[in-house]
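Number of protein chains: 2
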Amino acid sequence: MRAEIIAVGTELLLGQTVNTNATYLSQGLAEMGIDVFFQTVVGDNAARIGQAIELARSRAELIVFTGGLGPTQDDLTKDALAAYLNRSIVIHEPSMDKIAALFSSRGIHMVESNRRQAHMIEGSVPIVNEAGLAVGNGISEGGSHYLLLPGPPREMKPMFDGPGKTWLRTISGESRRLFSRVLKFAGIGESSLEQALIGLIEAQSDPTIAPYAKEGEVAIRISTKALTEQEANTRLDLAEEQINAIVGKHLYAREDIPLEEAVIRLLRASGRTLSSAESCTGGLLAELVTNVPGSSGEFVGGVVTYTNLMKHKLLGIPMSQLEGSGAPGAISDSTAALMAERIRERTDSDYGISVTGVAGPSESEGKPVGLVYMGIARPGKPPVVHTFNLNGSRDIIRLRAAKSALYRLWQELVEHE
Amino acid sequence: MRAEIIAVGTELLLGQTVNTNATYLSQGLAEMGIDVFFQTVVGDNAARIGQAIELARSRAELIVFTGGLGPTQDDLTKDALAAYLNRSIVIHEPSMDKIAALFSSRGIHMVESNRRQAHMIEGSVPIVNEAGLAVGNGISEGGSHYLLLPGPPREMKPMFDGPGKTWLRTISGESRRLFSRVLKFAGIGESSLEQALIGLIEAQSDPTIAPYAKEGEVAIRISTKALTEQEANTRLDLAEEQINAIVGKHLYAREDIPLEEAVIRLLRASGRTLSSAESCTGGLLAELVTNVPGSSGEFVGGVVTYTNLMKHKLLGIPMSQLEGSGAPGAISDSTAALMAERIRERTDSDYGISVTGVAGPSESEGKPVGLVYMGIARPGKPPVVHTFNLNGSRDIIRLRAAKSALYRLWQELVEHE
Chain A
1 MRAEIIAVGT ELLLGQTVNT NATYLSQGLA EMGIDVFFQT VVGDNAARIG QAIELARSRA
61 ELIVFTGGLG PTQDDLTKDA LAAYLNRSIV IHEPSMDKIA ALFSSRGIHM VESNRRQAHM
121 IEGSVPIVNE AGLAVGNGIS EGGSHYLLLP GPPREMKPMF DGPGKTWLRT ISGESRRLFS
181 RVLKFAGIGE SSLEQALIGL IEAQSDPTIA PYAKEGEVAI RISTKALTEQ EANTRLDLAE
241 EQINAIVGKH LYAREDIPLE EAVIRLLRAS GRTLSSAESC TGGLLAELVT NVPGSSGEFV
301 GGVVTYTNLM KHKLLGIPMS QLEGSGAPGA ISDSTAALMA ERIRERTDSD YGISVTGVAG
361 PSESEGKPVG LVYMGIARPG KPPVVHTFNL NGSRDIIRLR AAKSALYRLW QELVEHE
Chain B
1 MRAEIIAVGT ELLLGQTVNT NATYLSQGLA EMGIDVFFQT VVGDNAARIG QAIELARSRA
61 ELIVFTGGLG PTQDDLTKDA LAAYLNRSIV IHEPSMDKIA ALFSSRGIHM VESNRRQAHM
121 IEGSVPIVNE AGLAVGNGIS EGGSHYLLLP GPPREMKPMF DGPGKTWLRT ISGESRRLFS
181 RVLKFAGIGE SSLEQALIGL IEAQSDPTIA PYAKEGEVAI RISTKALTEQ EANTRLDLAE
241 EQINAIVGKH LYAREDIPLE EAVIRLLRAS GRTLSSAESC TGGLLAELVT NVPGSSGEFV
301 GGVVTYTNLM KHKLLGIPMS QLEGSGAPGA ISDSTAALMA ERIRERTDSD YGISVTGVAG
361 PSESEGKPVG LVYMGIARPG KPPVVHTFNL NGSRDIIRLR AAKSALYRLW QELVEHE
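Top line first, the protein sequences correspond to chains A and B. So the first sequence is numbered by the UniProt record's numbering: it starts at 1 and just counts up by one. So the second sequence is numbered by the UniProt record's numbering: it starts at 1 and just counts up by one.
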């Protein structure tokens with residue numbers, strides 16, 4: 001079944017509200033195996049809503065509306081669809097009773113417009129609203145299906161997930177569901193990943209393999225429609241194996257978690273702790289790691305040594321290492337190694353990780369923007385240093401530096417723990 | 001001029017990405033006086049993109065596209081519009097050079113698909129992309145105008161705001177320009193701010209006064225259309241004065257800079273330095289401050305002491321302060337004061353700032369989620385501690401804690417420097 005979403009509301013067209021409802025509905029429909037081909041946003045205007053219905057009706061069998069079910073004269077969705085279907089508006093008595101009771105309990109006089117929230121298109125099924133007053137509608141005619149939901153997300157979501165989905169399953173007769181799995185990659189760009197997998201992506205249609213990029217991370221979603229989870233898993237496992245055989249080196253998770261969470265889990269599994277010493281990332285690495293709930297068991301703490309003096313004061317790195325002619329300087333592999341070793345010692349942690357480099361906007365110590373060193377101090381072995389040449393604006397370089405450092409630590413943990 | 005927005009990307013139809021681009025573009029177009037009547041989302045499918053163009057073309061004079069300019073075979077926007085307009089694709093040489101230089105500097109072999117990002121529709125104007133590789137296009141034909149922008153918000157936003165708006169002004173023939181000023185507020189919520197200013201907002205239509213919330217900050221945009229900057233400034237100054245008279249205590253900037261940048265500027269003006277000691281914010285405060293370019297002159301460094309042992313090891317706070325019956329504990333006003341004092345001493349900075357509290361998801365030391373203490377150690381006076389009870393998820397509490405701490409520091413600097 002093909003579906004379209006029509007979000008109704010001038011506030012969306014003015015950019016005052018983000019259309020998170022379309023996202024939520026699309027996700028839910030995809031999970032039910034219903035393909036969404038278009039989303040449309042239209043203002044609170046009866047003629048244009050009618051136009052949007054006409055068009056969507058010509059392209060899809062299911063139209064899901066959100067918004068325009070409220071009490072005001074601007075709330076026109078039910079009226080517009082009733083006019084399009086040439087049906088009348090009736091009152092949903094249980095909703096009317098609920099509205100009347102609410103106003104009476106508050107001692108407020110109910111104005112006529114409040115009755116609008118109990119409106120139903122003649123012949124439709126009520127979609128009950130536990131969190132608010134506006135009743136939803138489900139209606140089928142001539143092979144087309146219409147589901148009307150309100151705009152406020154805290155009303156819309158439970159209505160869609162509960163009575164909405166029940167109604168959809170009745171009308172769709174689709175017994176297969178969509179099963180998806182997300183694979184997360186690090187240390188590889190979106191286009192390189194796609195390039196590596198292009199043969200696989202083009203050769204196969206079930207499961208589908210779709211790459212997508214999130215800030216600083218790359219993901220692949222593999223999806224298949226199946227009657228049972230077991231049937232789906234057999235197909236998804238096979239696709240995952242094929243992907244793993246090609247780019248397994250970069251595959252850090254088989255679910256949608258950030259890289260820092262994968263690192264914390266590896267540390268937890270081996271009972272190891274971590275500390276950090278950051279220069280150019282200025283606390284971002286610690287911030288990412290501590291944003292993983294429960295990370296205090298593995299991440300003990302760290303320092304942000306933004307100036308040479310602080311590298312000396314907080315980490316005890318000799319000034320002769322950092323400044324003066326012939327000194328390696330703060331941005332160097334030997335300083336990265338020292339920072340990692342010293343924070344490991346001072347915190348008594350198993351691993352110490354360091355980042356020092358040039359985030360920009362201008363060069364530093366005569367070294368170019370984007371040059372970043374990261375060090376890993378580790379148990380029973382000398383520290384290792386990796387060098388990166390990163391691109392982008394200051395905040396992108398900082399993010400890439402932190403994620404690249406985490407990727408190298410992840411690799412270290414995979415190989416040696 | 002009527003406009004429509006077409007966002008291209010299957011990830012939007014699958015509900016994997018929220019369409020914040022449509023919101024941003026709608027807002028920007030509204031501010032320019034361009035009415036948006038429809039927003040459409042279409043997947044990465046050439047036929048359906050063509051169908052969306054055809055329809056939008058019949059309803060509006062301007063179509064703004066976002067998405068589908070990337071390197072992969074799924075990025076079809078330019079091809080689809082070129083086919084619709086019956087024009088060929090040409091290479092934008094400066095973009096091609098930039099892409100080639102990037103790959104060569106990284107020592108990576110450039111794959112053929114990367115050339116796609118330098119594609120231009122024949123006869124179009126390039127919309128330069130400083131933050132990424134995909135060049136945008138502006139093209140006019142037969143009274144219809146098409147603006148093509150990429151999907152990643154950090155590339156799309158500056159392209160739209162800079163060269164995109166310049167191109168739009170050229171094609172719209174509007175001789176008045178929109179002049180806006182952003183006022184930034186801290187320590188007050190969006191609804192409280194709006195409540196305080198509601199009389200002013202409702203009483204006046206030029207300049208318009210529009211509040212909007214950003215993550216952890218609140219802003220007001222005052223806008224007026226004028227032929228000259230001088231004419232605009234006269235009107236904007238007056239509106240600004242009226243606002244300042246009501247909520248000046250919270251007004252930290254008369255331009256769109258984050259709170260941490262206002263703090264850095266105050267420190268710079270008085271020649272003072274800052275250090276930080278963070279517990280529950282886990283490095284976020286340092287990360288925010290060091291994300292201000294040039295902040296290394298004022299922010300010397302800090303520590304992330306996530307565990308009690310680290311508060312002891314890195315800051316020398318007695319364990320008896322942190323643990324044991326009758327101890328104040330890590331989450332207490334006295335620990336916040338000690339953390340601020342100790343980091344100030346250890347770094348020899350003028351100000352030391354500390355944050356300790358419960359970010360959640362569960363309580364700590366029997367203290368509730370959202371309880372946060374922040375301390376400020378300062379020259380020539382005893383430290384001061386502020387207590388907050390914050391709401392929200394773990395990451396929202398962390399952000400609010402960091403921003404609240406920065407607000408108190410800002411107040412301290414305004415009053416005493």
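All C-beta atoms in this analysis are idealised placements derived from N, C-alpha and C, irrespective of residue type, glycine included.
Would P293 of chain B count as contacting chain A if we go by Cβ distances under 8 Å? Within the second sequence, numbered from 1, the residue matching residue 293 of chain B stands at position 293. Yes, because at least one Cβ of chain A sits closer than 8 Å to the Cβ of P293 of chain B.
Within chain B, the residues that E287 of chain A reaches when beta carbons sit closer than 7 Å: Here residue 287 of chain A refers to the residue found at position 287 of the first sequence. Neighbourhood of E287 of chain A in chain B, by CB distance below 7 Å: G282, G283, L284 and E287, in chain order.
Environment of Q39 of chain B [buried if 16+ CB atoms lie within 10 Å]: Looking up residue 39 of chain B in the second sequence gives position 39. With a 10 Å radius around the Cβ and a threshold of 16 neighbouring Cβ atoms, Q39 of chain B comes out buried.
Whether residue 433 of chain A touches S354 of chain A by CB criterion (8 Å): Past the edges of chain A, shown from 1 to 417, lies residue 433 of chain A, and the structure says nothing about it.
Which partner residues does R221 of chain A have in the DSSP bridge list? Counting from 1 along the first sequence, the entry for residue 221 of chain A is found at position 221. Answer is A:V182 and A:A210.
From what residue to what residue does the alpha helix (DSSP H) around Y24 of chain A run? Position 24 of the first sequence holds residue 24 of chain A. Segment T20 to E31, the alpha helix (DSSP H) holding Y24 of chain A.
Report yes or no: do the region 377-394 of chain A and the region 22-33 of chain B share at least 3 C-beta pairs separated by less than 8 Å? Short answer: they don't touch.
Can you find a CB in chain B that lies within less than 8 Å of the CB of V414 of chain A? As a working mapping, residue 414 of chain A is identified with position 414 in the first sequence. So, not an interface residue.
Stretch pair the region 160-177 of chain A + the region 114-130 of chain A: three plus CB contacts closer than 8 Å: Cβ pair count under 8 Å is three or more, so yes.
Inter-residue Cα distance where the pair is K381 of chain A and S334 of chain A: In the first sequence, the residue the question calls residue 381 of chain A occupies position 381. In the first sequence, the residue the question calls residue 334 of chain A occupies position 334. If you take the alpha carbons of K381 of chain A and S334 of chain A, they lie about 16 Å apart.
Drop a sphere of 10 angstroms on the beta-carbon of K403 of chain B, count the other beta-carbons inside from all chains shown, and report buried for 16 or more, exposed for fewer. Taking the second sequence and counting its residues from 1, the one referred to as residue 403 of chain B is at position 403. When all chains shown are included, K403 of chain B counts as buried.
Can you name the residues of chain A whose CB is closer than 9 Å to the CB of L309 of chain B? Walking along the second sequence from the start, residue 309 of chain B turns up at place 309. Within chain A, the C-beta atoms nearer than 9 Å to that of L309 of chain B come from V300, G301, T347 and D348, in chain order.
Whole-Å CB distance - residue 451 of chain A paired with L13 of chain A, under 8 Å assumed: Since the first residue shown for chain A is 1 and the last is 417, residue 451 of chain A is missing from the structure and cannot be characterised.
Should D74 of chain B go down as buried or exposed, given a rule of 16 or more other Cβ atoms within 10 Å for buried? Here residue 74 of chain B refers to the residue found at position 74 when the second sequence is read from its first residue. The residue in question, D74 of chain B, is buried, as its Cβ has 16 or more Cβ neighbours within 10 Å.
Residues that Q321 of chain B contacts on chain A, provided the C-beta gap is smaller than 9 Å: Taking the first residue of the second sequence as 1, we reach residue 321 of chain B at position 321. Per Cβ cutoff of 9 Å: no residues; Q321 of chain B is ~17 Å from chain A at best.
Starting from S275 of chain A and walking both ways along the alpha helix (DSSP H), at which residues does that stretch end? Numbered from its first residue, the first sequence carries residue 275 of chain A at position 275. Under the DSSP assignment, S275 of chain A falls outside any alpha helix (DSSP H), being part of the beta strand (DSSP E) whose first and last residues are L274 to E278.
Any idea what DSSP makes of N45 of chain A, helix, strand or coil? Residue mapping note: residue 45 of chain A aligns to position 45 of the first sequence, counting from 1. It is coil, neither helix nor strand.
For L168 of chain A, which of helix, strand or coil comes out of DSSP? Position 168 of the first sequence, counted from the start, is the residue given in the question as residue 168 of chain A. Correct three-state label for L168 of chain A: helix.
Determine, using beta carbons only, whether T305 of chain B comes closer than 8 Å to chain A. Taking the first residue of the second sequence as 1, we reach residue 305 of chain B at position 305. Output row for T305 of chain B: interface = yes.
Using three-state DSSP, classify D161 of chain B as helix, strand or coil. Counting from one through the second sequence, the residue named residue 161 of chain B turns up at place 161. DSSP, read as helix, strand or coil, puts D161 of chain B in helix.
Which residue comes first and which comes last in the beta strand (DSSP E) that contains Y84 of chain B? For the purposes of this step, residue 84 of chain B is taken as residue 84 along the second sequence, with counting starting at 1. Where Y84 of chain B is concerned, there is no enclosing beta strand (DSSP E), although the alpha helix (DSSP H) it sits in stretches over T77 to L85.
What residues from chain B crowd round K313 of chain A, counting only those whose CB sits closer than 7 Å? Reading the first sequence from its first residue, position 313 is the one you call residue 313 of chain A. Residues of chain B with a Cβ closer than 7 Å to the Cβ of K313 of chain A are, in chain order, R346 and T347.
When the Cα of E412 of chain A is compared with those of A:L371, A:A7, A:P379 and A:L399, which residue comes out closest? For the purposes of this step, residue 412 of chain A is taken as the residue at position 412 of the first sequence. Out of A:L371, A:A7, A:P379 and A:L399, the CA that lies nearest to the CA of E412 of chain A is found in A:P379.
Where residue 419 of chain B falls, given that 16 or more other Cβ within 10 Å makes a residue buried: With chain B running from 1 to 417 in the structure shown, residue 419 of chain B is simply not present.
Can you confirm whether G15 of chain B, when its beta carbon is compared against all beta carbons of chain A, has any partner nearer than 8 Å? Here residue 15 of chain B refers to the residue found at position 15 of the second sequence. Residue-level contact by beta carbon holds for G15 of chain B and chain A, with a gap shorter than 8 Å.
Short-range partners of chain E found in the region 76-104 of chain B, where Cβ spacing is below 7 Å: The chain inventory of the structure shown lacks chain E, comprising the protein chains A and B.
Spatial neighbours of S270 of chain B in its chain, beta-carbon cut-off 7 Å, leaving aside the 5 residues before and after: Along the second sequence, one-based indexing puts residue 270 of chain B at 270. For S270 of chain B, where only same-chain residues beyond five positions count, the Cβ hits under 7 Å are E417.
Looking at T347 of chain A and C280 of chain A, is the spacing between their C-beta atoms short of 8 Å? Residue numbering aside, residue 280 of chain A sits at position 280 when the first sequence is read from its first letter. Residue numbering aside, residue 347 of chain A sits at position 347 when the first sequence is read from its first letter. No, the Cβ-Cβ distance between C280 of chain A and T347 of chain A is not below 8 Å.
For chain A, find out if any of its Cβ atoms is closer than 8 Å to the Cβ of P150 of chain B; answer yes or no. The sequence position of residue 150 of chain B within the second sequence is 150, counting from 1. No, P150 of chain B does not count as interfacial toward chain A.
Could you tell me which chain A residues have their CB closer than 8 Å to the CB of P361 of chain B, listed as they occur along the chain? Taking the first residue of the second sequence as 1, we reach residue 361 of chain B at position 361. Within chain A, the residues near P361 of chain B are P293.
To the nearest angstrom, how far is it from the Cα of N291 of chain B to the Cα of E255 of chain B? For the purposes of this step, residue 291 of chain B is taken as the residue at position 291 of the second sequence. For the purposes of this step, residue 255 of chain B is taken as the residue at position 255 of the second sequence. Near 17 Å, if we compare the C-alpha coordinates of E255 of chain B and N291 of chain B.
Under 8 Å between the Cβ atoms of K78 of chain A and I89 of chain A? To locate residue 78 of chain A, count along the first sequence from 1; it is residue 78. To locate residue 89 of chain A, count along the first sequence from 1; it is residue 89. Yes.
Reference A134 of chain B; option with closest CA among B:G123, B:R177, B:A118 and B:E122: Stepping through the second sequence from its first residue, residue 134 of chain B is reached at position 134. Among B:G123, B:R177, B:A118 and B:E122, the Cα nearest to that of A134 of chain B belongs to B:A118.
Answer yes or no: the CB of G357 of chain A versus the heavy atoms of the ligand ZN, is any distance below 7 Å? Here there are no bound small molecules, and the ligand ZN is not part of this structure.
6 Å Cβ shell around M319 of chain A - same chain, five flanking residues per side excluded: Counting from 1 along the first sequence, the entry for residue 319 of chain A is found at position 319. The beta carbon of M319 of chain A is closer than 6 Å to those of H312 in its chain, skipping five residues each way along the sequence.
What would DSSP say about Q321 of chain B, mapped onto helix, strand or coil? Here residue 321 of chain B is taken as the residue at index 321 of the second sequence, counted from 1. In the structure shown, Q321 of chain B sits in a helix (DSSP, three-state: H, G or I).
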